[in-house]
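Colleague: Just add 155 to the spot in the sequence shown (first one is 1) and you have this note's numbering. Note that CB positions come from ideal geometry on N, CA and C, so glycine has one too.
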Amino acid sequence: MTLQLPQPSYLRPAPGPQGLPVVGNMFRFSADKNILFHFIDLWNEFGDVVHVKIGSLKIFVVANPEHVHHVLVRHATNYIKGNGYGGFRLLVGQGLVTSDGELWRRQRRLMQPTFTPRAIVGFFDMMVATTAQILDRWHEPLRSGRPLCMDDAMAQLTMSVISKAIFGVDLGSGASGVSEAFQAAFAFVTERTLSGFPLPLRIPLPSHRRFIRNLDLIDSFVEKQIRASRDQPNQASLLATLLRARDPETGQPMSASQVRDEVVTLFLAGFETTARSLTWAWYLLARHPQVMAKLTQEVDQVLAGRLPTLEDLYRLTYTRMVVDEVLRLYPPTALLGRQTVADDMIGGYPIPAGSIVMLMPFMTHRHPAVWSHPERFDPERFQPGMADLRPKSSYIPFISGPRVCLGNNFALMEMTLALAMSAARYQLVETNVDEIGFAFRGSTCPTAALHLQLRPREGR
Ligand code: HEM
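1) Nearest CA to the CA of S555: which residue from T519, P359 and T285?
2) For F98, count neighbouring C-beta atoms within 10 Å of its own C-beta (all shown protein chains included) and say buried if the count is 16 or more, exposed if not.
3) Using the C-alpha atoms, what's the distance from L166 back to F426?
4) Leaving out five residues before and five after V247 in sequence, what residues of the same chain have Cβ atoms less than 7 Å from its Cβ?
5) Where does the unbroken beta strand (DSSP E) through Y240 begin, and where does it stop?
6) Pop quiz: L462 and A603 are said to be a contact at Cβ under 8 Å. What is the actual Cβ separation, rounded to whole angstroms?
7) Rounded to a whole number of angstroms, what is the C-alpha to C-alpha distance between A218 and D196?
8) Mind checking K213: buried by the 16 CB within 10 Å criterion, or exposed?
9) What is the rounded straight-line gap between the Cα of W526 and the Cα of P546?
10) Between the segment 572–590 and the segment 485–494, do three or more beta carbon pairs fall short of 8 Å?
11) I need the DSSP call for Y485, collapsed to helix, strand or coil.
12) With a threshold of 16 other CB atoms inside 10 Å of the CB of T157, please say whether the residue is buried or exposed.
13) Three-state secondary structure (DSSP) at Q608?
14) State yes or no: is the C-beta of V252 nearer than 7 Å to some heavy atom of ligand 1?
15) Taking all protein chains shown into account, do 16 or more other C-beta atoms lie within 10 angstroms of the C-beta of P161, making it buried, or fewer, making it exposed?
16) Indicate, with yes or no, if ligand 1 has a heavy atom lying under 7 Å from the CB of I501.
17) Find out if the Cβ-Cβ distance for the pair S315, T285 is shorter than 8 Å.
18) Just the Cα atoms here: how many angstroms apart are A310 and L175?
19) Sorry if obvious, but does the Cβ on I554 come closer than 7 Å to a heavy atom of ligand 1?
20) Taking all protein chains shown into account, decide if L360 is buried (16 or more other Cβ within 10 angstroms of its Cβ) or exposed.
21) Does K188 come out as helix, strand or coil in the three-state DSSP assignment?
22) Do the segment 589–598 and the segment 474–490 meet, that is, are 3 or more Cβ pairs less than 8 Å apart?
23) Pick out the complete alpha helix (DSSP H) segments inside the segment 275–331, 4 residues or longer, and give them in chain order.
24) S432 and P220: beta carbons closer than 8 Å?
25) Taking only three categories from DSSP, how would you classify A181?
26) Should G179 go down as buried or exposed, given a rule of 16 or more other Cβ atoms within 10 Å for buried?
27) Roughly how many angstroms separate the alpha carbons of R483 and T405, rounded to a whole number?
28) When you compare the CB positions of M570 and V496, do they come within less than 8 Å of one another, or not?
29) Among the candidates V333, E466, L514 and D187, whose CA atom is the shortest distance from the CA of I235?
30) For P516, count neighbouring C-beta atoms within 10 Å of its own C-beta (all shown protein chains included) and say buried if the count is 16 or more, exposed if not.
31) Do you know whose CA, among E378, T434 and H230, lies nearest S410's CA?
32) Please classify F553: does DSSP put it in a helix, a strand, or coil?
33) Taking only heavy atoms of ligand 1 into account, decide whether any of them is closer than 7 Å to the Cβ of I317.
34) Around the Cβ of F182, are there at least 16 other Cβ atoms within 10 angstroms (buried) or fewer (exposed)?
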C-alpha cells in the first residue's frame, strides 16, 4: 500500500471549471456571450487565479494586482506576446506591440525618446489647434438643437490628432478612405483573433478579400508618406522622427519595412483606445452632473475662456482625475494575453511553460481588495498622492513594467485637452442618459451609440 501524502499547496493545480475529456472547456466559450464576460464569470466563480483548459491549451486568468505585478513587472521576461498576437501581425507586422525579444528591445530603445513627457510637449500646439477646429465644426449642428453622436465625434477627433502626429496629414475627414481602411482592417484582425479558429487568408472569402484590399490601401498610403518624409527630412512628424532615428548602439537606421510596421502600430494603438475612452468619459459625465459641474468650474477658472497653454494643462488637475477614473472603469484594453516561456508559479499555483496567461485590467480595476465601491464613478480616488497608497499594478490602463504603453503621456494629454476644451465651449443639456452596456472587441466598446445634446455656452 502506498501512502497518499497531501500535495504541498505549491503543487496544487489552480482551480477552474472541470471541462470534458480532450476538448476541455471549449464549449464553455459560446460565441453568443462576449469573451470578457466569460472571463469575468470565471473570476467570480473561482477567484484570483483560474485555470481553463481548451484542448491542449492551458489558460490562466489573473486579476489580483499582486499576480499582475508578477507577470508584467517582476517576471516580465518570462511572459512574452507569443502566438496570441499572430492575428494582429497580419496587419502590423513586427511593430512594437507585437514583437518580442531583441527586436522589441531595439525598437523600444529607438522609439522611447520620442514619447517622453518632455518630447510629447512638441505635439501640444497641434493637439490644441486640431481640437479647436473640430469644436468649431460642432457649433452649427448643436446651435440648431441636433444631438451629437459622441462615438463619431470622438473618433474623428482622435483620428485627426493621431494622423497629424504620425504623418502630418489629417485623415479625420475620412475623405481619402485611408482611415476607413485602417478601421476595417483592425476590426477584421480583432474578430479573427477573438474567434479562436481563424481560417487561412488564402481562402478567398469576401472578408479575406476585403482585408487584403484594405491592407494594400494602407501600405500604398504609408509608402507614399515615407517617400514624402524622406524629401522633407526636417519634418516634425513621428514618421520623420522614426526615419531619422539611429540605434544608439549600432548607429543603424530602421529598415523601410520596420518603419512601416511601427507607424501602422502607432496609428492603431493610438486611435481607437483614445476615441473609446473619450466616449466613455462623455457617458460618465452625462450620468454624473455633479462631476461635470466641478470639471466645468475648474476649466472656467484655469482657462477663463481662452485656449489652453502648456502651463494650464498642468493646472487642470480635476479634469485629469476624471480621465484617470474613466480609464479605471473602462480600460480600453480590458483583457490582454501573455505566453509563458518557462514554468512558473503564480499565487502558489504552477503555471507550465507554453501556457497563456490572461490579464484582466477590467477586473483588476474593480478588485474589492483595492477599490471601495468599485462600480462607483468617483474621480476623487485620483487626488494627487492617492496612487502611492495603492498596491503596485492595481491601476493598469496602460499596463505596467517594461512594456508599458509607449503613448501613455500622449493619450493623457490628448484626453485632458479634449475634455477641458469641450467643456469650455459647450454645455451638456441632456443628463438623463440610459445605461449603456459594454463588450470587448479589441477595445472596451459601448454596445449602443451615445447621442448627447450639447449647447454652445454663452459668448463662446
Ligand atoms: C487611452 C489611450 C491608450 C490606452 C488605454 C493604451 C493602452 C495600452 C496598453 C494596455 C498597452 C499594452 C498592450 C500589451 O502589452 O498587450 C499599450 C501598448 C502600446 N501603446 Fe498604448 N494605449 C493608449 C494610447 C496610445 C497612443 C496614443 C499611442 C501612440 C501614439 C500608443 C502606443 C502604444 C505602443 C507603441 C504600445 C506597445 C508598447 C510596447 O510593447 O513596448 N498607445 N497601450
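Modeller: If we stick to the structure as given:
1) Here residue 555 corresponds to residue number 400 of the sequence shown, with the count starting at 1. Of T519, P359 and T285, the residue nearest in Cα terms is T519.
2) With the chain covering 156 to 615 only, the question about residue 98 has no answer from this structure.
3) As a first step, residue 426 must be located in the sequence shown, where it is residue number 271. As a first step, residue 166 must be located in the sequence shown, where it is residue number 11. If you draw a straight line from the Cα of F426 to the Cα of L166, it is about 44 Å long.
4) Indexing the sequence shown from 1 puts residue 247 at position 92. If we look at V247 and ignore the five residues flanking it on each side, its Cβ neighbours are T253, D416, V419, T420 and L423.
5) Looking up residue 240 in the sequence shown gives position 85. Boundaries for Y240: no beta strand (DSSP E) harbours it, and the DSSP string shows neither H nor E there.
6) Residue numbering aside, residue 462 sits at position 307 when the sequence shown is read from its first letter. Residue numbering aside, residue 603 sits at position 448 when the sequence shown is read from its first letter. Contact doesn't hold; Cβ gap of about 33 Å is too wide.
7) The sequence position of residue 218 within the sequence shown is 63, counting from 1. The sequence position of residue 196 within the sequence shown is 41, counting from 1. Cα-Cα distance, rounded: 12 Å.
8) The residue you call residue 213 lines up with position 58 of the sequence shown. In the assembly as shown, K213 is a buried residue. Its beta-carbon has 16 or more other beta-carbons within 10 Å.
9) What you label residue 526 is simply residue 371 of the sequence shown in a count that begins at 1. What you label residue 546 is simply residue 391 of the sequence shown in a count that begins at 1. Roughly 10 Å between the two C-alpha positions.
10) Contact between the segment 572–590 and the segment 485–494 is absent: fewer than 3 CB-CB pairs across the two stretches fall below 8 Å.
11) Indexing the sequence shown from 1 puts residue 485 at position 330. Coil at Y485, not helix or strand.
12) Residue mapping note: residue 157 aligns to position 2 of the sequence shown, counting from 1. Interpretation of T157 is limited by its pLDDT of 41, a score under 50 that renders its predicted location unreliable; the figure taken from the coordinates is listed afterwards. In summary, T157 is exposed, with fewer than 16 beta-carbon neighbours lying within 10 Å of its beta-carbon over all protein chains present.
13) The count along the sequence shown starts at 1 and reaches residue 608 at position 453. Q608 falls in the coil class under three-state DSSP.
14) In the sequence shown, residue 252 corresponds to position 97, counting from 1. Because some heavy atom of ligand 1 lies under 7 Å away, the Cβ of V252 counts as near it: yes.
15) Sequence index remark: in the sequence shown, residue 161 carries index 6 (1-based). Its pLDDT being 48, under 50, P161 is placed unreliably in this model, and the value from its coordinates should be taken loosely. Under this definition P161 is an exposed residue.
16) Residue 501 sits at position 346 when you count from the first residue of the sequence shown. Checking every heavy atom of ligand 1 against the Cβ of I501, none is found closer than 7 Å.
17) Start at 1 with the first residue of the sequence shown, and residue 315 comes out as number 160. Start at 1 with the first residue of the sequence shown, and residue 285 comes out as number 130. In terms of Cβ geometry, S315 and T285 form a close pair [threshold 8 Å].
18) Walking along the sequence shown from the start, residue 310 turns up at place 155. Walking along the sequence shown from the start, residue 175 turns up at place 20. C-alpha of A310 to C-alpha of L175: approximately 43 Å in a straight line.
19) If you number the sequence shown from 1, residue 554 lands on position 399. I554 Cβ: within cutoff of ligand 1.
20) Position 205 of the sequence shown, counted from the first residue, corresponds to residue 360. It is exposed - the Cβ of L360 has fewer than 16 other Cβ atoms within 10 Å.
21) Taking the sequence shown and counting its residues from 1, the one referred to as residue 188 is at position 33. For K188, the three-state secondary structure derived from DSSP is coil.
22) Short answer: they touch.
23) If we require 4 residues or more, the alpha helix (DSSP H) runs fully inside the segment 275–331 come out as 279–298 and 305–322.
24) Position 277 of the sequence shown holds residue 432. Position 65 of the sequence shown holds residue 220. Not closer than 8 Å, so no.
25) Here residue 181 corresponds to residue number 26 of the sequence shown, with the count starting at 1. The residue asked about is misnamed: residue 181 is Met in this sequence, not Ala. Per DSSP, reduced to three states, the secondary structure at M181 is helical.
26) By 1-based counting over the sequence shown, the position of residue 179 is 24. Under this definition G179 is a buried residue.
27) Counted from its first residue, the sequence shown places residue 483 at position 328. Counted from its first residue, the sequence shown places residue 405 at position 250. The alpha-carbon atoms of R483 and T405 are separated by roughly 40 Å.
28) To locate residue 570, count along the sequence shown from 1; it is residue 415. To locate residue 496, count along the sequence shown from 1; it is residue 341. A distance of 8 Å or more separates the beta carbons of M570 and V496.
29) Within the sequence shown, the letter at position 80 stands for residue 235. Closest in alpha carbon position to I235, among V333, E466, L514 and D187, is L514.
30) Residue numbering aside, residue 516 sits at position 361 when the sequence shown is read from its first letter. Its Cβ being crowded by 16 or more others within 10 Å, P516 is buried.
31) What you label residue 410 is simply residue 255 of the sequence shown in a count that begins at 1. Restricting attention to E378, T434 and H230, the CA atom closest to the CA of S410 is found in E378.
32) The sequence position of residue 553 within the sequence shown is 398, counting from 1. Coil at F553, not helix or strand.
33) Along the sequence shown, one-based indexing puts residue 317 at 162. Because some heavy atom of ligand 1 lies under 7 Å away, the Cβ of I317 counts as near it: yes.
34) Translated into positions along the sequence shown, residue 182 becomes position 27. F182 should be labelled exposed.
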